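If you read the sequence shown in the UniProt record's numbering, its first letter stands for residue 1, the second for the next number, and so on.
First the structure, in the form of structure tokens, and then the observations on it.
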Amino acid sequence: MTAIQAVYVRGHEERPDPKLHIVYRIEIQAHVRSWQMWRRYSEFVELHTELTKSTGSSPPAPLPPKNSLAILRGPFRDSSSMTEERRVGLETYLRAIISAKDDKWRECYAFRDFLGVPVGRQGTTAEGGTSSKQFSSSSWLDEHLELQAKIRDIRADINKRDALSDRGDVSASHTANVQAKKKLAETLSRVRTLKQGLQELGMAAMAQGELQRRTDMVARLQDDCEKLGKMVTVTRQASRLAAAPSSQGFTNVAIAPESDRAALLSLSRPVTRVFGAKKPQETEMTRPLDDQGLVQLQNTQLDQQDSQLATLTHILQRQRHLGEAIGAELAVHNELLDELNNDVDRVGGKLISAKKQLNRLG
């Protein structure tokens, strides 16, 4: 877990929801950062029970007693003094676990989750505990956000490499590409760790819908890393042309101007009709890709369009079935209305006959 330097229970506050209760502010200090957590006394009790059950023995320090026991010990003490005494006892309880020679309590997942240990920074404790890669639900999301920022940094390095290559600065372009590769290797390792942490959270009774959502998030990270892996292996044609003479020992070789090359191509091939008002334009997505990458990108977009078309077809079929069902229901209702109209006509005829008979009798 994170190398925790100190733990303090600094204060408390009263909260009205769901009913009036007291929460304690826990401040955790590590090597490079610090954070705080708010916990109720009942959560301390649950932690104590879980640690005892998981390790087979009670933590090195006892929990402070509940209010009822404290009142029996001192009936004339006010609530503020009892709350302060409990705060001190809770701080002693946490410090005893952190400083214990046996790390079985502080290495439990329940204790790490209770303190909200951040993801991706699990190392050894200040007392020499072993490393761990278990995540809490909230810290898993923090790690995902950091990986997204890391991917944006890699894209920025690749764009910097391309810009330097266009200016003919081969050395700086190569340095930027190497830096992007290093960042990508680190990101891939962290993505694998994130995926393993999600599997552990899934076994910890995470809701199926939330587990599926986070699985999709990891899949998108993996797709981004795969695309970046292809992009860092692509080198600009300009850099290859600039590096080729020096690599082969021909320092005085001059490259033909672009105008001569265009004139040569225009002579060797007749002008043909170009369909469309404009020539195809490069985009930010296609610019760093080679021919194979462009083909793969086109196939991916075609697959996405096919999938969207299949979804639209399914929706239209469902709408058609609903329309047919509504039409059949309306036909049934029309038949019922016709029968009702016939019944009304028959009853009306009987009423007219009865009225005529009454008039004759009158």
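A virtual CB, placed ideally from N, CA and C, is assigned to each residue, including glycine.
Bear in mind the structure is a predicted one, so any value in this text is a computation, not a measurement.
Item: Any non-hydrogen atom of the ligand NAD closer than 8 Å to L90 Cβ; Value: The model on display carries no ligand, and the ligand NAD is accordingly not part of it.
Item: Anticipated Cβ contact below 8 Å, L194 with E143, distance rounded; Value: 6 Å
Item: Status (buried if at least 16 other CB within 10 Å, exposed otherwise) for V115; Value: The sequence shown places Leu at residue 115, not Val. By the neighbour-count rule (16 or more Cβ atoms within 10 Å), L115 is buried.
Item: Assigned exposure category for R106 - 16 Cβ within 10 Å defines buried; Value: buried
Item: CA-to-CA distance, L221 to H31, given in whole angstroms; Value: 29 Å
Item: Beta-carbon proximity list for N359, same chain, < 7 Å, skipping 5 on both sides; Value: none
Item: Buried or exposed by the 16-neighbour rule on C-beta atoms within 10 Å, applied to S80; Value: exposed
Item: S165 burial status per 10 Å Cβ neighbour count (16 or more: buried); Value: buried
Item: Cβ contact check for the stretch 291-302 and the stretch 169-184: 3 or more pairs under 8 Å; Value: no
Item: Classification of V137 by the beta-carbon crowding that lies within 10 angstroms, buried from 16 upward; Value: Reading the sequence as shown, one finds Ser at residue 137 and not Val. The residue is exposed, with fewer than 16 neighbouring Cβ atoms inside 10 Å.
Item: Range covered by the alpha helix (DSSP H) that runs through E27; Value: E27 -> not in any alpha helix (DSSP H); beta strand (DSSP E) instead, spanning 21-30.
Item: Whole-Å CB distance - I97 paired with P65, under 8 Å assumed; Value: So it is not a contact: roughly 19 Å between Cβ atoms.
Item: Buried/exposed call for W38, threshold 16 Cβ in 10 Å; Value: exposed
Item: Of the listed residues Q281, H21, D303, nearest to H12 (C-alpha basis); Value: H21
Item: Spatially closest choice to I154 from L94, T300, T233, by CA coordinates; Value: T233
Item: Beta carbon of L51 nearer than 9 Å to that of A110; Value: yes
Item: Helix, strand or coil at S54 according to DSSP, with G and I counted as helix; Value: helix
Item: Short Cβ contact (9 Å threshold) for R287 with D157; Value: no
Item: For E13, the residue or residues it bridges with in DSSP; Value: V23
Item: Backbone secondary structure at Q281 - three-state DSSP; Value: coil
Item: Limits of the unbroken beta strand (DSSP E) element including residue 379; Value: The requested residue 379 is not part of the displayed model; the chain covers only 1 to 362.
Item: Classification of A149 by the beta-carbon crowding that lies within 10 angstroms, buried from 16 upward; Value: exposed
Item: Sheet register partners of W35 (DSSP bridge); Value: I28
Item: 6 Å CB neighbourhood of L228 in its chain, flanking five on each side removed; Value: I154, L184
Item: R167 (DSSP reduced to helix, strand or coil); Value: coil
Item: Pair within 9 Å by beta-carbon distance, V9 and R15; Value: no
Item: Rounded straight-line distance, which links the Cα of D291 to that of E127; Value: Legend: pLDDT at E127 = 41, less than 50; position of this residue unreliable, value from coordinates given subsequently. Cα to Cα, the separation comes out at about 55 Å.
Item: Coarse secondary structure for A61, derived from DSSP in three states; Value: coil
Item: Bridge partners - R40, DSSP secondary structure assignment; Value: V23
Item: V88, buried or exposed, once every other Cβ within 10 Å from all chains shown has been counted against 16; Value: exposed
Item: Beta-bridge pairing of I4 - partner residues as DSSP gives them; Value: A30
Item: Bounding residues of the alpha helix (DSSP H) (the contiguous stretch that carries N310); Value: The sequence shown places Ala at residue 310, rather than the Asn named in the question. Residues 291-361.
Item: Simplified DSSP state of G116, which is helix, strand or coil; Value: coil
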